[in-house]
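Visitor:
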Amino acid sequence: MVPAEELQSALNQVPWFNSLTPEQFIKTAALAHLRRAKAGEIFFREGDKQDYVYIVLEGRVSLDIFVPHHGKVRFYTAEPYDVFGWSSVTPSVRQRTAGAVAVLESTVACIDAEGLRQLAEKDHDFGYLLMRRLANVVASRLMVTRLQLIDMFAGPAEYKND
Amino acid sequence: MTDKTLIIGSTVALPKPELDLLMADLRRNGFQNVGPHLQDESIIYTKIDGLKDLPRGILSEQNPASYRMIQTGKDRYFDFIPGGQSWKQFLFPPRHTLFSAVKDGKWQLKENDEPAPRYALIGVRACELAAILVQDKVFLREDFSDPIYRHRREGLFILAVNCLDPDATCFCVSMKTGPRHTAGFDLCVTELDEVFLVEVGSELGRSLLAERNFDLPSAFVQNIADQAMEHAAKSMVRTMDTSDLPSLLAGQLDAERWTEVGKRCLSCANCTLVCPTCFCWDATDQVDIVCKSTRRERVWDSCFNPIYSYIVGGNTRPNIRSRYRQWLTHKLGTWKDQFGVLGCVGCGRCITWCPAGIDLTEEVAAIRAEVKA
Amino acid sequence: MTTTLINTAAHSAGYSNKLLLPHWAEVVKIIPEAEGVTTFHLKFTDPEVQNRYRFEPGQFNMLYVPGYGEAAISMSSDLETANGLLVHTIRHIGNVTRATTRLKVGDVVGIRGPFGTSWPLEAIEGMDVVIACGGIGLPPLRGAIYRIIHNREKYGKVTLLYGARTPSDLMYPSEYETWQKAGFDMQVTVDRGDDQWTGRVGVVPMWFYHFRVDPHKTAVLTCGPEIMMRFVIYEALARRIPTEHIYVSLERNMKCGQGACGHCQQGPYFICKDGPVFPFSALENIFNVEEY
Numbered sequence: 091m092v093p094a095e096e097l098q099s100a101l102n103q104v105p106w107f108n109s110l111t112p113e114q115f116i117k118t119a120a121l122a123h124l125r126r127a128k129a130g131e132i133f134f135r136e137g138d139k140q141d142y143v144y145i146v147l148e149g150r151v152s153l154d155i156f157v158p159h160h161g162k163v164r165f166y167t168a169e170p171y172d173v174f175g176w177s178s179v180t181p182s183v184r185q186r187t188a189g190a191v192a193v194l195e196s197t198v199a200c201i202d203a204e205g206l207r208q209l210a211e212k213d214h215d216f217g218y219l220l221m222r223r224l225a226n227v228v229a230s231r232l233m234v235t236r237l238q239l240i241d242m243f244a245g246p247a248e249y250k251n252d
Numbered sequence: 041m042t043d044k045t046l047i048i049g050s051t052v053a054l055p056k057p058e059l060d061l062l063m064a065d066l067r068r069n070g071f072q073n074v075g076p077h078l079q080d081e082s083i084i085y086t087k088i089d090g091l092k093d094l095p096r097g098i099l100s101e102q103n104p105a106s107y108r109m110i111q112t113g114k115d116r117y118f119d120f121i122p123g124g125q126s127w128k129q130f131l132f133p134p135r136h137t138l139f140s141a142v143k144d145g146k147w148q149l150k151e152n153d154e155p156a157p158r159y160a161l162i163g164v165r166a167c168e169l170a171a172i173l174v175q176d177k178v179f180l181r182e183d184f185s186d187p188i189y190r191h192r193r194e195g196l197f198i199l200a201v202n203c204l205d206p207d208a209t210c211f212c213v214s215m216k217t218g219p220r221h222t223a224g225f226d227l228c229v230t231e232l233d234e235v236f237l238v239e240v241g242s243e244l245g246r247s248l249l250a251e252r253n254f255d256l257p258s259a260f261v262q263n264i265a266d267q268a269m270e271h272a273a274k275s276m277v278r279t280m281d282t283s284d285l286p287s288l289l290a291g292q293l294d295a296e297r298w299t300e301v302g303k304r305c306l307s308c309a310n311c312t313l314v315c316p317t318c319f320c321w322d323a324t325d326q327v328d329i330v331c332k333s334t335r336r337e338r339v340w341d342s343c344f345n346p347i348y349s350y351i352v353g354g355n356t357r358p359n360i361r362s363r364y365r366q367w368l369t370h371k372l373g374t375w376k377d378q379f380g381v382l383g384c385v386g387c388g389r390c391i392t393w394c395p396a397g398i399d400l401t402e403e404v405a406a407i408r409a410e411v412k413a
Numbered sequence: 509m510t511t512t513l514i515n516t517a518a519h520s521a522g523y524s525n526k527l528l529l530p531h532w533a534e535v536v537k538i539i540p541e542a543e544g545v546t547t548f549h550l551k552f553t554d555p556e557v558q559n560r561y562r563f564e565p566g567q568f569n570m571l572y573v574p575g576y577g578e579a580a581i582s583m584s585s586d587l588e589t590a591n592g593l594l595v596h597t598i599r600h601i602g603n604v605t606r607a608t609t610r611l612k613v614g615d616v617v618g619i620r621g622p623f624g625t626s627w628p629l630e631a632i633e634g635m636d637v638v639i640a641c642g643g644i645g646l647p648p649l650r651g652a653i654y655r656i657i658h659n660r661e662k663y664g665k666v667t668l669l670y671g672a673r674t675p676s677d678l679m680y681p682s683e684y685e686t687w688q689k690a691g692f693d694m695q696v697t698v699d700r701g702d703d704q705w706t707g708r709v710g711v712v713p714m715w716f717y718h719f720r721v722d723p724h725k726t727a728v729l730t731c732g733p734e735i736m737m738r739f740v741i742y743e744a745l746a747r748r749i750p751t752e753h754i755y756v757s758l759e760r761n762m763k764c765g766q767g768a769c770g771h772c773q774q775g776p777y778f779i780c781k782d783g784p785v786f787p788f789s790a791l792e793n794i795f796n797v798e799e800y
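Chains as they are written, first to last, in this note's numbering: chain A, 91 to 252; chain B, 41 to 413; chain C, 509 to 800.
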């Protein structure tokens, strides 16, 4: 187990935590622990039940999906202060839809998802801050996904004459 | 004895047969006369020798998608309004070999330095001269001067003609380019029934005319000519409001009208072919089957060509709507940003020769109406 | 009877076409890059032309393959160390560029140029520089990268954001370490990676979420697919970088390179002569107009 001070100072670096009240911070920190991962270490696999939401502090974590005939396709990497595994905080989805693996040696803050959800139910002010952060994460992820979907580096457009 | 000394600005009454002798003089001095000629039921510009080659007694009647000729039987040579061709084919040839290359081990290049004929343009209308001046701004620039155009333009002789019978598609009055010539010609002709009134515009014109048999026109005759020209200007029916060009079109790139006209336009490129100011071109290789010798040719091109804007990432103008918009917003808009003048001279050819009968004066008015709505 | 009025001999004398005449250049070296992409090192066959030739990063040449035609290819040479060689990285995707796959060392192609405007490397001295590019958009910036490296002290923080579809599509991967050592913050990303790829997976514009830029002293140079540039510009503007400090390299159907043939027009500009490099402030009214 990692000393509480180390955890606290690590979380202090994450910008979102600065928007919490001291009480909210303490309650959230109580749900968190630090994990150090070597390159190649797996955080979760597709299909796993969702237990944590993660914040990268150092290193790089890759998200991947297994595509038949293509193997594990890495479609996103989370850099320092990126959140991954965020769907565990939303009310509906209950299974991991992607896998997460450290590609570099990484330090990651893991926060108990069920605990966060309960905290949000009890304290709606906190809940709002949490959902607001989540909305931003999803929005930026959506932008990235759209650009990947458009496949902007694809080969020549089919020539259509109208 | 009346003084028959000519100066620049003098006007004489020239008996019509004297024009043949004038053209012969030009020939003797190394010029090739080109002018209007009736061929295959159409008036084209081609090599001519004299009056016999001009469309005698022809009057024209133009409307969108329609050009008709009427036989008047009169002994008049310039009553018609010019047809689909313009003088740009002589200064900016539709096809021109730039160089040829032969592979003999390594590629060897041979430039095409064959000189062009020295042209005498016979029968240039005011809108057409204005178009030449517009093309001068396109082809003879400080940063880029087209040697093919310059070579042909430098030696050019222009015999201008004042229009007396504008057709329904003409709108040179709106574009302030005619129907009356003001400057830029060597000689300028106003045709009367019996004679040509000829005004001297340059030293070259003066010296040629000085050799001919002419009379000094009476005030009465001058008056008939002036009245005819005034009548010509007044009788023009088509107009285009240019007061808010070019900014009108730049601000209306999203107008509904573009979609509407895009449905009617066939992207056939007729308008750009007949337009006397359009200047786009392409360069192609005419190569033999073993790729050992090739000839690089410059050819006319058109922004309506579907692959005009094709790049590997895709076609930036993939439909007719976008291509028509490009043509019109360039001609009546960004042309001015590029060259200091609008690209349209009001000749009306694009209206006459559009198979869909699209009228750019109508399109501009419709776009303007959308702003007000 | 008439005197000779005009000297027609003068009309013909000294007439020369000189339009679209190329200079010949020999292929000196061929380097396969990614799939469907090759880098050529070229040298003019005429030493006088070779000595006279000058260019600025951002400009392009028209490359002529006899029998096929011409293609506009950016200059990618490092001026300082090129030894006068023209470096052209070509994607084999059109008629002319596909013909270049058959070139061997010693073959000859035609070159006309250089044409166009260049990256404003002097104007942005003293600033932080973010170079955001993707795919085949890196070659036009390679000359600029080396110019900055050779004058590193004249610039502040310098970042290279480069994205490609997959790891095998990255251009010049062997040079990244050199650039990193020369003081570039290298952020390379791919749209999707395989399980061997330990670099970033994402898109170039998203880098802006992770780093703070000082809008008062940051210049952005961007080149790549227009949609990538659009989002880079969007993110740069969201961080209040002024439009005059965002520089874009546009691509249109360039044929003559001299603003004469009309094909490359966008709005009032001839991309070949008023561009291809523009400050975004010059493009605001026309950049986002669809199909313009």
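Note that the Cβ used here is the ideal one computed from N, Cα and C, for glycine as well.
#1: Tell me the rounded alpha-carbon separation between Q98/A and A168/A.
#2: For the putative contact between V74/B and K56/B, defined by C-beta atoms under 8 Å, what is the C-beta separation to the nearest angstrom?
#3: Quick one: which residues of the stretch 218 to 245 of chain A get their C-beta closer than 8 Å to a C-beta of chain C? List them in chain order.
#4: For D284/B, count the other beta carbons within 10 Å of its own beta carbon; 16 or more makes it buried, fewer makes it exposed. Which is it?
#5: With distances taken between CB atoms, is the gap from L171/A to L153/A smaller than 8 Å?
#6: How would you write the range of the alpha helix (DSSP H) that E617/C sits in, first residue to last?
#7: Using the DSSP secondary-structure output, state which residues sit across from A122/A in a beta bridge.
#8: If contact means a Cβ-Cβ distance below 8 Å, which residues of the stretch 99 to 121 of chain A contact chain C?
#9: What does the alpha-carbon distance come out to for the pair C318/B and T369/B?
#10: List, in order along the chain, the chain C residues whose C-beta lies closer than 8 Å to that of G175/A?
#11: On the CB-based measure, 16 or more other CB atoms within 10 Å of its CB, does D341/B come out buried or exposed?
#12: Contact defined as beta carbons within less than 8 Å: I believe V146/A pairs with V191/A. What is the distance between those atoms, to the nearest angstrom?
#13: Out of curiosity, what's the CA-to-CA distance linking P723/C and A744/C?
#14: Could you tell me which residues DSSP pairs with F71/B in its beta bridges?
#15: Of the residues Q378/B, K332/B, V404/B, which one's Cα is nearest the Cα of Q175/B?
#16: Compile a chain-ordered list of the residues in the stretch 697 to 708 of chain C whose CB is closer than 9 Å to at least one CB of chain A.
#17: Taking the Cβ atom as the reference point for each residue, do V238/B and T45/B lie within a distance shorter than 8 Å?
#18: So with Cβ pairs under 8 Å, would you call E151/B a contact of chain C?
#19: With distances taken Cα to Cα, identify the nearest neighbour of A309/B among R297/B, Q267/B, W147/B, F344/B.
#20: For the beta strand (DSSP E) that contains M694/C, what are its first and last residues?
#21: Note the first and the last residue of the continuous alpha helix (DSSP H) segment covering R192/B.
#22: Should H600/C and L550/C be called a contact, given that it needs their Cβ atoms to be closer than 8 Å?
#23: Going by beta carbon distance, what residues of the same chain come within less than 8 Å of T279/B, once the five residues before and after it are set aside?
#24: At a CB-CB cut-off below 7 Å, which residues of chain B make contact with G602/C?
#25: Tell me N103/B's beta-bridge partners as DSSP assigns them.
#26: Please list the partners that C331/B has in chain C, where partner means a Cβ-to-Cβ separation under 7 Å.
#27: By the criterion of Cβ-Cβ separation under 7 Å, what are the contact partners of K526/C in chain B?
#28: For V104/A, tell me which candidate among H718/C, I657/C, D782/C has the shortest Cα-Cα distance.
#29: For M570/C, write down the residues that DSSP places opposite it in a beta bridge.
#30: Which runs of the beta strand (DSSP E) fall wholly inside the stretch 711 to 765 of chain C and span at least 3 residues, in chain order?
#31: Answer yes or no: do S106/B and P316/B have a C-beta to C-beta separation smaller than 8 Å?
#32: Can you tell me where the alpha helix (DSSP H) holding C641/C begins and where it ends?
#33: Using a Cβ cut-off of 8 Å (strictly closer), state whether F133/A contacts chain C.
#34: Just to confirm my understanding: we take S349/B, look at its own chain, exclude 5 residues before and 5 after, and list those with CB closer than 7 Å. What are they?
#35: Verify the CB distance criterion: does P647/C have a CB-CB separation below 8 Å to chain A?
#36: Are the CB atoms of F197/B and L66/B within a distance shorter than 8 Å?
Guide: The structure says:
#1: Taking the first sequence and counting its residues from 1, one reaches residue 98/A at position 8. Taking the first sequence and counting its residues from 1, one reaches residue 168/A at position 78. Cα to Cα, the separation comes out at about 21 Å.
#2: Against the second sequence, residue 74/B aligns to sequence position 34. Against the second sequence, residue 56/B aligns to sequence position 16. Actually they are not in contact, since the Cβ atoms of V74/B and K56/B sit about 19 Å apart, beyond 8 Å.
#3: S230, M233, V234, L237, Q238, I240, D241, M242, F243, A244, G245
#4: Within the second sequence, residue 284/B is the residue found at index 244, counting from 1. Exposed.
#5: Here the question's residue 171/A lines up with position 81 in the first sequence. Here the question's residue 153/A lines up with position 63 in the first sequence. At residue 171/A the sequence reads Tyr, which differs from the Leu that was named. Not a contact, by the Cβ cut-off of 8 Å.
#6: Here residue 617/C corresponds to residue number 109 of the third sequence, with the count starting at 1. For the sequence presented, residue 617/C should be read as Val rather than Glu. Unbroken run through V617/C is the beta strand (DSSP E), 616 to 623; no alpha helix (DSSP H).
#7: Taking the first sequence and counting its residues from 1, the one referred to as residue 122/A is at position 32. Bridge partners of A122/A: I201/A.
#8: none
#9: Counting from one through the second sequence, the residue named residue 318/B turns up at place 278. Counting from one through the second sequence, the residue named residue 369/B turns up at place 329. Approximately 13 Å, taken between the alpha carbons.
#10: For the purposes of this step, residue 175/A is taken as the residue at position 85 of the first sequence. Result: empty, since nearest Cβ-Cβ is about 16 Å, beyond 8 Å.
#11: Along the second sequence, one-based indexing puts residue 341/B at 301. Under this definition D341/B is a buried residue.
#12: Residue 146/A sits at position 56 when you count from the first residue of the first sequence. Residue 191/A sits at position 101 when you count from the first residue of the first sequence. Not quite, the Cβ-Cβ distance comes to about 12 Å (not below 8 Å), so this is no contact.
#13: Residue mapping note: residue 723/C aligns to position 215 of the third sequence, counting from 1. Residue mapping note: residue 744/C aligns to position 236 of the third sequence, counting from 1. About 8 Å.
#14: Position 31 of the second sequence, counting from 1, holds the residue named residue 71/B. Its beta-bridge partners are R158/B.
#15: Numbered from its first residue, the second sequence carries residue 175/B at position 135. With distances taken between Cα atoms, Q175/B lies closest to Q378/B.
#16: T697, V698, D699, R700, G701, D702, D703, W705, T706, G707, R708
#17: Indexing the second sequence from 1 puts residue 238/B at position 198. Indexing the second sequence from 1 puts residue 45/B at position 5. No, the Cβ-Cβ distance between V238/B and T45/B is not below 8 Å.
#18: The residue you call residue 151/B lines up with position 111 of the second sequence. E151/B counts as touching chain C.
#19: By 1-based counting over the second sequence, the position of residue 309/B is 269. Closest by alpha carbon: F344/B.
#20: Here residue 694/C refers to the residue found at position 186 of the third sequence. From DSSP, the beta strand (DSSP E) with M694/C extends over 692 to 698.
#21: In the second sequence, counting from the first residue as 1, residue 192/B sits at position 152. Here the alpha helix (DSSP H) through R192/B covers 187 to 194.
#22: For this step, residue 600/C is matched to residue 92 along the third sequence. For this step, residue 550/C is matched to residue 42 along the third sequence. Cβ distance not < 8 Å, so H600/C and L550/C don't count as in contact.
#23: Locating residue 279/B in the second sequence gives position 239, counting from the first residue. Within the same chain, T279/B has close Cβ partners F211, V213, S214, T401.
#24: As a position in the third sequence, residue 602/C is number 94, starting the count at 1. Within chain B, the residues near G602/C are V352.
#25: What you label residue 103/B is simply residue 63 of the second sequence in a count that begins at 1. Bridge partners of N103/B: S106/B.
#26: As a first step, residue 331/B must be located in the second sequence, where it is residue number 291. G575, listed in chain order.
#27: Residue 526/C sits at position 18 when you count from the first residue of the third sequence. Chain B residues near K526/C: P187.
#28: Locating residue 104/A in the first sequence gives position 14, counting from the first residue. Among H718/C, I657/C, D782/C, the Cα nearest to that of V104/A is on H718/C.
#29: For this step, residue 570/C is matched to residue 62 along the third sequence. Bridge partners of M570/C: A580/C, R620/C.
#30: 726 to 731, 754 to 757
#31: Residue mapping note: residue 106/B aligns to position 66 of the second sequence, counting from 1. Residue mapping note: residue 316/B aligns to position 276 of the second sequence, counting from 1. Not in contact: S106/B and P316/B (Cβ atoms no closer than 8 Å).
#32: Taking the first residue of the third sequence as position 1, residue 641/C is located at position 133. Segment 636 to 642 is the beta strand (DSSP E) holding C641/C; no alpha helix (DSSP H) there.
#33: Counting from one through the first sequence, the residue named residue 133/A turns up at place 43. It does not; no Cβ of chain C falls within 8 Å.
#34: Taking the second sequence and counting its residues from 1, the one referred to as residue 349/B is at position 309. Here the set comprises N355, T356, R357.
#35: Counting from 1 along the third sequence, the entry for residue 647/C is found at position 139. For P647/C, the answer is no, since every Cβ of chain A falls outside 8 Å of its Cβ.
#36: In the second sequence, residue 66/B corresponds to position 26, counting from 1. In the second sequence, residue 197/B corresponds to position 157, counting from 1. Yes, the Cβ-Cβ distance between L66/B and F197/B is below 8 Å.
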